[in-house]
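Below is one structure, written out as structure tokens; the observations come after it.
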Amino acid sequence: MITTESLLIVQHNQSGIALSRKEQLSAYRQAEIRPAHPVRPPQDTVAFSEEGRRLSQQSSDPEKKEREGADRPGFSIDKKRSPNTGKLSENEAEQVLTLQQRDREVRTHEQAHLAAAGQYAQGGASYTYQRGPDGKMYAVAGEVSIDVSKEQTPEETIDKMETVIRAALAPVQPSSTDRQVAAQALATINQARQELQQQHQKEISFSGKDHSGHSDHHPSTTDTSDYFPKETVPAAHPHSDTFSQAVSVNQYL
46 MITTESLLIV
56 QHNQSGIALS
66 RKEQLSAYRQ
76 AEIRPAHPVR
86 PPQDTVAFSE
96 EGRRLSQQSS
106 DPEKKEREGA
116 DRPGFSIDKK
126 RSPNTGKLSE
136 NEAEQVLTLQ
146 QRDREVRTHE
156 QAHLAAAGQY
166 AQGGASYTYQ
176 RGPDGKMYAV
186 AGEVSIDVSK
196 EQTPEETIDK
206 METVIRAALA
216 PVQPSSTDRQ
226 VAAQALATIN
236 QARQELQQQH
246 QKEISFSGKD
256 HSGHSDHHPS
266 TTDTSDYFPK
276 ETVPAAHPHS
286 DTFSQAVSVN
296 QYL
């Protein structure tokens, strides 16, 4: 084992330089703590390629990226749409606005049918779509299926057809098909009332109150004013007795 003191003595004898004990100890301590090479503090390093550095600068400055992109032909800055779609022409933009309005009208129209039809609506509304210049699909037509069949009794049929009429005319602007459905439902109501009158006559006949088989009562039809304004009731239809009691829905709308 070589101590610090003996090592300094050996160095002293070899160099031939006389050093005091204090100087020897000081020189040794300095030599002991001095590193052979300077030590750099550790640090995290990241290597960037030229392409990576360029992309990093672009991503850190999105406004600059948009300005550069706007200089390219056929490029339109629209944060709501992909830059790859380009810019809509004025005519295409008008088409999109028209389709958007039509989509709202169609959906509102069919939802009005559904809300009024209640239990007689067969499923939800079905729509016909059209693709706009912006690539989106817009509803341009729709329909709601409603059960218009007769019920087991005339009374039930009348109640049902009244609901059908309300459902058919529920939209602000009923279509020609809607008006036809309402007119057919009204005709069914008239038929049901005639059936009720016939049943009433049979009951009177069987009870013996009317042995002659005649009655002062006449088959009645539905008062169209229950569903439509009086001024909308048309003159008798030249080809149909049923529609002579029905209302002209076209005049109503």
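Residue numbers for the sequence shown follow my numbering, so the first one is 46 and each next one is one higher. C-beta: ideal position from N, C-alpha, C; glycine also. As the structure is a prediction and not an experimental result, all values here were calculated from the model.
Quick check on residue i: does DSSP put it in helix, strand or coil?
| i | result |
| --- | --- |
| Ser134 | coil |
| Ala170 | coil |
| Arg196 | In the sequence as presented, Arg is not what sits at residue 196; that position holds Glu. Glu196 falls in the coil class under three-state DSSP. |
| Val226 | helix |
| Ala186 | strand |
| Glu276 | Unreliable positioning characterises Glu276 in this predicted model, as indicated by a pLDDT of 37, which lies under 50. The coordinate reading is nonetheless provided below. It is helical. |
| Gln175 | strand |
| Ser104 | At Ser104, the pLDDT of 44 sits below 50, so the modelled position is not reliable; the number obtained from the coordinates is stated separately. The answer is helix: DSSP assigns Ser104 an H, G or I state. |
| Val217 | coil |
| Lys247 | helix |
| Lys181 | coil |
Anyone know if the C-beta pair for residue i and residue j falls short of 9 Å?
| i | j | result |
| --- | --- | --- |
| Pro199 | Ala237 | yes |
| Val189 | Leu144 | no |
| Tyr165 | Val193 | yes |
| Ala241 | Met206 | First, the amino acid is wrong: residue 241 is Leu here, not Ala. No, the pair does not count as a contact, with Cβ atoms beyond the cut-off. |
| Glu137 | Pro178 | yes |
| Thr173 | Pro216 | no |
Grab me the residues of residue i's own chain with a C-beta within less than 7 Å of its C-beta, minus the 5 sequence neighbours each way, in chain order.
| i | result |
| --- | --- |
| Arg211 | Ala161 |
| Arg176 | Met182 |
| Asp148 | Tyr183, Ala184 |
| Ser171 | Gly187, Glu188 |
| Gln146 | none |
Identify the residues that DSSP records as bridge partners of residue i: which are they?
| i | result |
| --- | --- |
| Ile191 | Ala166 |
Going along the chain, which residues of its own chain have a beta-carbon closer than 6 Å to the beta-carbon of residue i, five neighbours each way excluded?
| i | result |
| --- | --- |
| Ala213 | Asp223, Val226, Ala227 |
| Ser285 | Only weak support is given to the placement of Ser285: the predicted model assigns it a pLDDT of 35, under 50, and the value that follows is read from those uncertain coordinates. Same-chain partners within the cutoff: there are none. |
| Val151 | Ala184, Gly187 |
| Thr233 | Met206 |
| Glu196 | Thr202, Lys205 |
| Glu155 | Ala170, Gly187, Val189 |
Only counting the same chain, and skipping five residues up and downstream in sequence, which positions put a Cβ closer than 8 Å to that of residue i?
| i | result |
| --- | --- |
| Thr208 | Ala161, Ala162, Gly163, Tyr165 |
| Ala157 | Ala215, Pro216, Val217 |
| Gln140 | Gly177, Pro178 |
| Ile191 | His158, Ala162, Tyr165, Ala166, Gln167, Val209, Ala212, Ala213, Val226 |
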